[in-house]
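The C-terminal residue of the sequence shown carries number 693 in our numbering, and the numbering is unbroken. Structure first, then comments.
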Amino acid sequence: MCGIVGVYGGNTRNIEKACVSIKHRGPDDSGVFIDEKLNIGLGHQRLSILDTSNLGHQPMISNNKNIVIVFNGEIYNFLELRSDLEKRGYVFNGNSDTEVLINLYLSEGKQMLTKLKGIFAFAILDIVEKTLFVARDALGVKPLYFSTEGGAFYFASEMKALFEFDSIHKDLNIESLNRYLTFLWCPGEETPIKSIKKLLPGQALIVRAGKVKEKWIWYQLPIFRGIGADLNENESIAGVTNHLRKAVHNQMVSDVPLGAFLSGGLDSSSVVAFARELNQDIQCFTIETQGKQDNGFVDDLPYAKKVAKHLNVNLEIVTVSSNQIADDLQSMVAQLDEPLADPASLNVRYISQIAKQQGIKVLLSGAGGDDLFTGYRRHYALETERYWSWMPQSARELIENATKLLNTNKSIQRRFVKLFNGAGLSSKERLLNYFRWTNDKTLQSLFSPEFREIIIQSNPLSPMSSFISPLPSNTSRLDQMLALEQRFFLSDHNLNYTDKMSMAEGVEVRVPFLDLDLIEFVARIPNKYKQKKSEGKWVLKKAMEPLLPNSIIYRPKTGFGVPLRRWLKEDLKELLGDLLSVDSLNKRGLFSSQSVQQLISDNDNGKIDASYTLLSLLCIEIWCRAYIDK
């Protein structure tokens with residue numbers, strides 16, 4: 064796992080400086096390649112995982128000197144690919160998966176992508192063809208940002224590296240900021256900076272002379288390829304067991320120590336259960352949040368302890384005090400590159416810090432289980448629609464308006480409000496609305512008059528709406544939602560912060576639930592085995608019954624969360640008052656100071672629960688100070 068950066072057709076003099084800005088991603092080694100004739104520069108920061116010798120150094124040059132690669136990620140089937148390439152006469156000098164990519168490109172060209180099983184972002188320079196081949200893995204586990212500013216092509220693992228190039232302007236993307244406030248994250252290719260885009264999951268491009276000549280999606284989710292559910296109950300259960308076991312075992316290949324997240328939830332517990340089959344001494348990590356908790360907050364620690372005892376694995380409890388959030392929130396946003404408003408990302412960083420101190424460079428994660436098998440509250444909410452969606456729109460609107468009168472200080476009432484939020488909308492609008500945190504009316508009021516018109520005319524849901532539009536009309540609503548989870552929520556939110564927070568500490572996170580063979584198999588499982596009425600992840604739960612206690616498998620669903628409502632009123636109150644003061648807001652000019660102050664007041668008084676909206680506003684201001692003001 065590493066950090067990569069490059070420029071084609073622009074000034075290469077800041078390549079080394081850009082590398083330094085992401086040194087945390089690869090503290091073990093660094094390298095730069097510059098071809099002045101082609102006006103191209105490639106930089107690499109290495110975190111040594113496979114073949115830790117100098118033979119794994121990057122940028123790596125092919126034996127014929129025609130190919131140069133910078134690569135971030137892991138190729139889990141590299142030994143199989145290498146064996147095939149060796150049989151066909153390709154020569155290897157070391158034992159890294161990077162060298163496999165070089166020879167695979169020489170053999171297959173851009174068609175090589177279809178043979179890769181792993182997590183990656185890479186750029187391959189073909190000196191003979193004068194092209195740069197850039198690609199990102201199928202599910203977007205590894206990030207890659209790019210810009211075509213000034214007629215050149217720039218790319219990097221993190222946005223902060225791109226800011227080291229003088230040609231990159233920092234004009235704000237207001238529509239993107241609106242999406243951060245809508246969802247807490249930004250779906251699609253947009254970023255807070257107009258000139259910087261995200262390479263999409265499963266996307267690739269060809270660059271020549273600094274210009275993008277070809278751009279395509281090389282991997283589509285199974286649902287878009289017409290793969291339908293054709294498995295019975297026993298086949299589904301057995302297949303989940305076999306595929307997940309294989310995925311975990313494949314992703315444990317490492318030349319350095321390996322550990323695992325263990326929250327006590329089903330997903331992380333399943334990964335650890337299979338990992339222990341190969342490594343009885345695997346070190347696991349969990350979070351303990353000290354201090355008073357929010358109403359409805361569930362403590363995961365007892366569950367994590369129970370799993371660790373059941374599986375007989377070591378469990379490191381990482382204690383987080385409530386006052387740490389105020390100290391670490393600003394560094395979190397700066398490290399994330401984007402104003403993602405989810406303090407749970409700090410949990411990833413805290414665990415990665417301790418893991419690094421113990422010499423562990425690789426952590427297994429249960430991320431992706433909810434997005435494959437269901438498990439989020441919105442999946443349950445979707446199931447409940449059958450009890451009221453048949454009602455006329457007027458009746459649905461009446462129910463929605465009635466629930467908005469409930470006291471949101473109580474967790475069960477907050478869930479009722481969320482359950483019927485958007486009940487009066489059309490079927491498609493309602494589906495997309497489940498991903499919202501802040502409605503359009505509130506958003507429009509929050510922005511200053513200067514930008515309000517832009518917000519009124521924009522549609523934050525458009526990337527997601529466009530994505531599911533090609534699906535056949537008979538595609539189930541659950542399948543549509545899972546496709547949205549897998550395409551957007553995973554890559555733009557969960558995987559994004561997981562990568563940034565772990566790599567901030569020089570730790571690689573692997574996600575067995577996102578193994579492509581498993582994804583393809585799960586697509587063949589009927590929805591009735593994924594979600595049985597209110598029982599999410601039914602097939603995964605049945606698969607894990609031989610390995611985990613029922614008290615873990617069938618425990619209440621919780622997240623890797625934090626007591627945000629309390630933090631905003633206590634530990635973050637001073638920071639909130641400072642960064643979102645009238646003076647600060649007026650100076651920035653993005654938001655209406657009057658509207659924001661009213662929102663703070665209503666939240667403090669318990670009139671509404673605007674915790675995450677306020678956190679989003681706070682994160683945007685922190686992000687502006689970290690990147691725009693410098």
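Note that beta-carbon positions come from the ideal geometry of N, C-alpha and C, so glycine has one too. Note that this is a predicted model, so its numbers are computed, not measured.
Cβ pair residue i, residue j closer than 8 Å
i: isoleucine 773; j: isoleucine 97; result: In this structure the chain extends from 64 to 693, so residue 773 is not present and cannot be described.
i: glycine 157; j: leucine 207; result: no
i: glycine 569; j: lysine 467; result: no
i: phenylalanine 576; j: leucine 435; result: yes
i: serine 93; j: histidine 107; result: yes
i: leucine 225; j: serine 554; result: no
i: alanine 486; j: leucine 427; result: no
i: isoleucine 182; j: glycine 136; result: yes
i: cysteine 65; j: glycine 89; result: yes
i: leucine 179; j: isoleucine 138; result: yes
i: cysteine 347; j: asparagine 377; result: yes
i: glutamate 212; j: serine 239; result: no
i: tyrosine 497; j: arginine 441; result: yes
i: phenylalanine 479; j: isoleucine 462; result: no
i: leucine 445; j: leucine 247; result: no
i: isoleucine 588; j: valine 574; result: no
i: threonine 254; j: tryptophan 500; result: no
i: arginine 651; j: glutamate 598; result: no
i: leucine 545; j: methionine 527; result: no
i: alanine 310; j: isoleucine 345; result: no
Environment of residue i [buried if 16+ CB atoms lie within 10 Å]
i: threonine 177; result: exposed
i: isoleucine 85; result: buried
i: proline 122; result: buried
i: alanine 465; result: exposed
i: valine 191; result: exposed
i: valine 334; result: buried
i: leucine 341; result: exposed
i: asparagine 557; result: buried
i: arginine 242; result: buried
i: valine 154; result: exposed
i: serine 452; result: exposed
i: histidine 306; result: buried
i: threonine 382; result: exposed
i: asparagine 127; result: exposed
i: valine 542; result: Contrary to the premise, residue 542 reads as aspartate rather than valine in this sequence. The residue is buried, with at least 16 neighbouring Cβ atoms inside 10 Å.
i: valine 303; result: buried
i: aspartate 200; result: buried
i: lysine 100; result: exposed
i: valine 133; result: buried
Contact set for residue i: own chain, Cβ-Cβ below 6 Å, skip 5 residues either direction
i: alanine 586; result: Pro285, Ile290
i: isoleucine 663; result: none
i: glutamate 492; result: none
i: proline 320; result: Gly422, Ile423
i: valine 572; result: Leu426, Ser428, Thr561, Ser565
i: methionine 607; result: Ser333, Ile616
i: leucine 148; result: Asn166
i: leucine 244; result: Thr501, Leu506, Ser679
i: proline 523; result: Asn241, Arg242, Thr245
Which residues DSSP lists as bridging residue i, in chain order
i: serine 93; result: Gln108
i: valine 123; result: The displayed chain sequence assigns methionine, not valine, to residue 123. DSSP lists Ile132 as partners of methionine 123.
i: glycine 429; result: Glycine 429 is not bridged to any residue.
i: asparagine 297; result: Answer is none; asparagine 297 lacks a bridge partner.
i: valine 70; result: Gly104, Tyr217
i: glutamate 149; result: Paired residues: none, contrary to the question.
i: tryptophan 279; result: Ala267
i: alanine 673; result: In the DSSP output, where bridge partners are listed per residue, alanine 673 has none listed.
7 Å Cβ shell around residue i - same chain, five flanking residues per side excluded
i: phenylalanine 623; result: Because the pLDDT of phenylalanine 623 is 49, which lies under 50, any placement of that residue in the model is unreliable, and the number read from its coordinates should be weighed accordingly. Only Ser326, Ala407, Asn410 meet the Cβ criterion.
i: aspartate 400; result: Glu221, Met222, Lys223, Lys563
i: leucine 469; result: Gln476, Phe479, Val480
i: lysine 80; result: Glu227
i: cysteine 687; result: Arg651
Assumed close pair residue i, residue j - CB separation to whole angstroms, cut-off 8 Å
i: serine 658; j: leucine 495; result: That belief does not hold up - the Cβ atoms of serine 658 and leucine 495 are roughly 25 Å apart, past 8 Å.
i: leucine 506; j: isoleucine 518; result: 6 Å
i: arginine 271; j: threonine 194; result: 5 Å
i: glutamate 218; j: phenylalanine 209; result: The sequence given here places phenylalanine at residue 218; glutamate does not occur at that position. Right, their Cβ atoms sit about 4 Å apart.
i: isoleucine 300; j: lysine 591; result: With a Cβ gap of about 13 Å, isoleucine 300 and lysine 591 do not count as contacting.
i: serine 67; j: alanine 186; result: Checking the sequence shown, residue 67 turns out to be isoleucine, not serine. Right, their Cβ atoms sit about 6 Å apart.
i: valine 370; j: leucine 643; result: Contact flag wrong, Cβ pair sits at about 40 Å.
Own chain, CB closer than 8 Å to residue i, minus 5 neighbours either side, in chain order
i: threonine 109; result: The sequence given here places arginine at residue 109; threonine does not occur at that position. Counting only Cβ-Cβ distances below 8 Å, and skipping sequence neighbours, we find Cys65, Gly89, Asp91, Asp92, Ser93, Gly94, Gly119, His120, Gln121.
i: serine 385; result: Thr352, Gln353, Gly354, Lys355, Pro626, Arg629, Trp630, Glu633, Asp634
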